[in-house]
Amino acid sequence: MTVREVGWVHMFCENAQEILDTVVMAYKIAEHRDVMLPVNVNHDGNYLSYGVEKVEVPDKEEVDIFLGEKNTNWHVAIDPERPMGVDPLTGGAGGPGPSRFVRYRKGLCKGMNNALKVITDVHQEWGDRFGRYYSPLVEEYRLEGADYAIVTIGSMSGAGKDAVDLGREAGEKVGLIKIKTFRPFPLEALLEVLSKVKAIGVVDRSVSFGWNSGPVFSGIAVRSVLYKEADSCCKFYRWPGRGRHYH
Numbered sequence: 007m008t009v010r011e012v013g014w015v016h017m018f019c020e021n022a023q024e025i026l027d028t029v030v031m032a033y034k035i036a037e038h039r040d041v042m043l044p045v046n047v048n049h050d051g052n053y054l055s056y057g058v059e060k061v062e063v064p065d066k067e068e069v070d071i072f073l074g075e076k077n078t079n080w081h082v083a084i085d086p087e088r089p090m091g092v093d094p095l096t097g098g099a100g101g102p103g104p105s106r107f108v109r110y111r112k113g114l115c116k117g118m119n120n121a122l123k124v125i126t127d128v129h130q131e132w133g134d135r136f137g138r139y140y141s142p143l144v145e146e147y148r149l150e151g152a153d154y155a156i157v158t159i160g161s162m163s164g165a166g167k168d169a170v171d172l173g174r175e176a177g178e179k180v181g182l183i184k185i186k187t188f189r190p191f192p193l194e195a196l197l198e199v200l201s202k203v204k205a206i207g208v209v210d211r212s213v214s215f216g217w218n219s220g221p222v223f224s225g226i227a228v229r230s231v232l233y234k235e236a237d238s239c240c241k242f243y244r245w246p247g248r249g250r251h252y253h
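Once you know that position 82 of the sequence shown is 88 in the working numbering, the rest is easy, because the numbers rise by one and skip nothing.
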């Protein structure tokens, strides 16, 4: 969470099997010509990284077929056989330097926007080949008929699902919404899922200093989605010389 704005794709995993599978998928997502960005596969310390869990390891031959031939024949690629340094000073302070840097940054934004579709497509392809399907952006758990839901990310989702099961057994109309992809933020997908319930509770394990809340809840995360939905219900007027007015 501390590096969520550095321009990397961020995907969070619930268990060890999802970590293994997502690491493999991450290569295909990162090297896709419409993305070409680093991918950060996240999993919780102590809960997952120090635990022991049985996983199914796919055959190397099948993984090679899934990933395809290595293709990093483009400018600015992390390739150990072709080392390169790229930073804000690439191109120098004058001449083509500034415009080249702006082009890099615009390309980063474009790649991040393209990543949502690529992540979805790669997850579908992985499931079709290996039989393990994951919700690529946002997962719904027992939202049928639910009035309330908790929003989780990472390994807490497993404990959250157990809590939902207990609530359902007690007659509570509860469900769970798990965020798999956090960068790029799946705003439209999350908005669609949130519209199915009356209220949510957001669980964070990190804090955004200054906001005094967690990053999933604050900023451009869940609250921005809810405000976007509210804003879509407002009528917008602009009066000359009088700024903006909402009704």
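All C-beta atoms in this analysis are idealised placements derived from N, C-alpha and C, irrespective of residue type, glycine included.
What you are looking at is a predicted structure, and each value in this text was computed from that prediction instead of being measured.
Range of the contiguous alpha helix (DSSP H) that encloses residue i
i: Y110; result: 103-136
i: F223; result: Segment: none, F223 is in no alpha helix (DSSP H) and carries neither H nor E.
i: A195; result: 193-200
i: A169; result: 162-175
i: V45; result: Premise fails: V45 lies in the beta strand (DSSP E), 45-48, not in any alpha helix (DSSP H).
i: V69; result: 66-73
Separation of residue j from residue i, as counted between CA atoms
i: R10; j: F215; result: 14 Å
i: H49; j: S163; result: 12 Å
i: G57; j: G51; result: 9 Å
i: L264; j: V124; result: With the chain covering 7 to 253 only, the question about residue 264 has no answer from this structure.
i: P190; j: A22; result: 23 Å
i: L114; j: M31; result: 20 Å
i: I185; j: D168; result: 17 Å
i: T126; j: E37; result: 15 Å
i: E68; j: A176; result: 44 Å
i: M42; j: E150; result: 37 Å
i: I140; j: E75; result: In the sequence as presented, Ile is not what sits at residue 140; that position holds Tyr. Taking the straight line from one Cα to the other gives about 24 Å.
i: S224; j: T187; result: 16 Å
i: D27; j: K204; result: 34 Å
Enclosing beta strand (DSSP E) for residue i [first to last residue]
i: V180; result: 180-185
i: E146; result: 144-147
i: M17; result: 15-18
i: V157; result: 154-159
i: A32; result: A32 -> not in any beta strand (DSSP E); alpha helix (DSSP H) instead, spanning 22-36.
i: G207; result: 205-208
Spatial neighbours of residue i in its chain, beta-carbon cut-off 8 Å, leaving aside the 5 residues before and after
i: I206; result: Y154, A155, I156, V157, I183, L200, V228
i: D171; result: R148
i: P246; result: For P246, the pLDDT reaches just 45, beneath the cut-off of 50, and the residue's location in the model is therefore unreliable, although a value from the coordinates is still provided. Excluding residues within five positions, none has a Cβ falling inside 8 Å.
Residue environment, residue i, which counts as buried when at least 16 other CB atoms sit within 10 Å
i: P102; result: exposed
i: K112; result: exposed
i: K34; result: buried
i: P221; result: buried
i: M17; result: buried
i: I25; result: buried
i: V108; result: exposed
Residues near residue i by beta carbon distance below 6 Å, same chain, minus five either side
i: W14; result: P44, N46
Own chain partners of residue i with C-beta closer than 7 Å, once the 5 adjacent residues on each side are dropped
i: G173; result: V180
key: contact_flag[the stretch 61-75, the stretch 155-166] where n(CB pairs < 8 Å) is 3 or more   = no
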